[in-house]
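Just so you know, the protein sequences line up as chains A and B, in that order. Per our numbering, the very first residue in the first sequence carries number 65; after that it's consecutive. Per our numbering, the very first residue in the second sequence carries number 673; after that it's consecutive. Just below is one structure, and these are the notes that go with it.
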Amino acid sequence: MNIFRFLGDMSHILSFLLLLHKIVGGKSAAGISLRTAEMYAIVFCTRYIDLLWNFASLYNYLLKLLFIGASLTIVYFMRYGPSQKATYNADEDAFPVQYLIAPCAVLGVLINQDHSSPFEMVWAFSIYLEAVAILPQLFLLQKQGEVENLTSHYVFALGAYRALYLLNWMFRFMTEPDYQQRIVWLSGLVQTALYCDFFYHYYQSKKGGLNKSVKLP
Amino acid sequence: DCPGACKDEL
Chain A
65 MNIFRFLGDM SHILSFLLLL HKIVGGKSAA GISLRTAEMY AIVFCTRYID
115 LLWNFASLYN YLLKLLFIGA SLTIVYFMRY GPSQKATYNA DEDAFPVQYL
165 IAPCAVLGVL INQDHSSPFE MVWAFSIYLE AVAILPQLFL LQKQGEVENL
215 TSHYVFALGA YRALYLLNWM FRFMTEPDYQ QRIVWLSGLV QTALYCDFFY
265 HYYQSKKGGL NKSVKLP
Chain B
673 DCPGACKDEL
């Protein structure tokens, strides 16, 4: 464990707390993409299947349960919560996720770390899917133009988590002799690159004060 | 790369 990975995990937890605060606490799903939330639920339910046999680290075990629980809770409230359904904009949340899920599934089968292991295929699929899971959310924000304050912090924390993981992989590559993780490194680069535009507008709007809403052109 | 048990990250 290094500081980059620890901060990345904390940023990830923060993004969940912000989203849960908005959806469950604030009873509002305005500006939030259900499609992104559902893809994240798929990402965690597929990647963390090894909860059934990998007890290597209690820290990882607990956070895996937390991430699966939080992502399923968010999907549940967005689908069945009366006030959340009322504030969720299904028409605008229209990104064709089948064009994200299908290629990631094919890539997961073709490019993974052990072609004899179904878990490795599923694991690689979840890494690829996570890299593009934010697209429906960014697409929705782009359509709406203005990003509500809490939503902007949620998206920022979610983007920052994988950016910190990039630093973690760089650090491990430099400090651990034969550490090599091409799949997560490339996927993490793509994932973080997708946030660059948002990061820019987030910074522009927040440098005048944390409570300003983020405007996307 | 790091198949199997050495997946020590989230």
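No residue lacks a Cβ here, since even glycine has one placed at the ideal position from N, Cα and C.
Beta-carbon separation of residue i and residue j under 8 angstroms?
| i | j | result |
| --- | --- | --- |
| A:Pro-200 | A:Asp-157 | yes |
| A:Asn-176 | B:Leu-682 | no |
| A:Leu-193 | A:Leu-230 | no |
| A:Phe-141 | A:Phe-108 | no |
| A:Lys-128 | A:Leu-115 | yes |
| A:Leu-204 | A:Leu-280 | no |
| A:Asn-232 | A:Gly-72 | yes |
Determine the closest residue to residue i out of the options, with distance taken between C-alpha atoms.
| i | options | result |
| --- | --- | --- |
| A:Phe-183 | A:Phe-80, A:Ser-269, A:Leu-78 and A:Thr-110 | A:Thr-110 |
| A:Thr-215 | A:Tyr-225, A:Leu-202, A:Ala-227 and A:Arg-226 | A:Leu-202 |
| A:Pro-160 | A:Leu-116, A:Ser-97, A:Val-211 and A:Glu-212 | A:Ser-97 |
| A:Ala-188 | A:Lys-86, A:Ser-251, A:Phe-119 and A:Asn-66 | A:Ser-251 |
| A:Ala-227 | A:Asp-242, A:Ala-195 and A:Asn-213 | A:Ala-195 |
| A:Asn-66 | A:Asn-118, A:Phe-108 and A:Arg-236 | A:Arg-236 |
| A:Phe-263 | A:Phe-70, A:Ala-197 and A:Tyr-218 | A:Tyr-218 |
| A:Val-248 | A:Ser-190, A:Phe-68 and A:Ile-87 | A:Ser-190 |
| A:Gln-208 | A:Tyr-259, A:His-85, A:Ser-277 and A:Leu-84 | A:Ser-277 |
| B:Lys-724 | A:His-76, A:Arg-69, A:Asn-118 and A:Phe-70 | Because chain B is modelled from 673 through 682, residue 724 of chain B falls outside the range shown and cannot be assessed. |
| A:Lys-86 | A:Asn-213, A:Tyr-259 and A:Gln-245 | A:Asn-213 |
| A:Val-254 | A:Ala-197, A:Met-74, A:Leu-126 and A:Gly-145 | A:Ala-197 |
| A:Val-186 | A:Arg-143, A:Gln-245, A:Glu-210 and A:Tyr-112 | A:Tyr-112 |
Return helix, strand or coil for residue i, following the three-state DSSP convention.
| i | result |
| --- | --- |
| A:Lys-279 | strand |
| A:Val-211 | strand |
| A:Val-196 | helix |
| A:Gln-47 | There is simply no residue 47 of chain A to check, as chain A begins at 65 and stops at 281 in what is shown. |
| A:Phe-159 | coil |
| A:Met-74 | helix |
| A:Leu-258 | coil |
| A:Met-234 | helix |
| A:Trp-117 | coil |
| B:Glu-681 | coil |
| A:Gly-223 | helix |
| A:Cys-252 | Cys is not the amino acid found at residue 252 of chain A; the sequence shown has Gly there. Of the three classes helix, strand and coil, the one that applies to A:Gly-252 here is helix, per DSSP. |
| A:Ala-154 | coil |
* **Near-chain B residues of the region 184–204 of chain A (beta-carbon distance less than 8 angstroms), N- to C-terminal order** => Of all residues in the region 184–204 of chain A, Glu-184 and Trp-187 have a Cβ within less than 8 angstroms of some Cβ in chain B.
* **Meets three-Cβ-pair contact criterion under 8 angstroms: the region 128–142 of chain A and the region 97–111 of chain A** => Cβ pair count under 8 angstroms is three or more, so yes.
* Hey, is the region 216–224 of chain A in contact with the region 163–173 of chain A, meaning 3+ C-beta pairs nearer than 8 angstroms? -> no
* Contact list for the region 151–178 of chain A against chain B, Cβ threshold 9 angstroms -> Listed by position, the residues of the region 151–178 of chain A near chain B (Cβ gap below 9 angstroms) are Asn-176, Gln-177 and Asp-178.
* Taking contact to mean at least 3 C-beta pairs separated by less than 8 angstroms, is the region 82–94 of chain A in contact with the region 140–151 of chain A? -> yes
* **Within 8 angstroms of chain B by C-beta, residues of the region 239–256 of chain A in sequence order** => Tyr-243, Gln-244, Gln-245, Arg-246, Ile-247 and Val-248
* Name, going along the chain, the residues of the region 115–129 of chain A whose beta-carbon falls closer than 8 angstroms to a beta-carbon of chain B. => Asn-118, Ala-120, Ser-121, Asn-124, Leu-127 and Lys-128
* Asked: In the region 69–87 of chain A, which residues sit with their C-beta less than 9 angstroms from some C-beta in chain B, listed in chain order?
  -> Arg-69, Gly-72, Asp-73 and His-76
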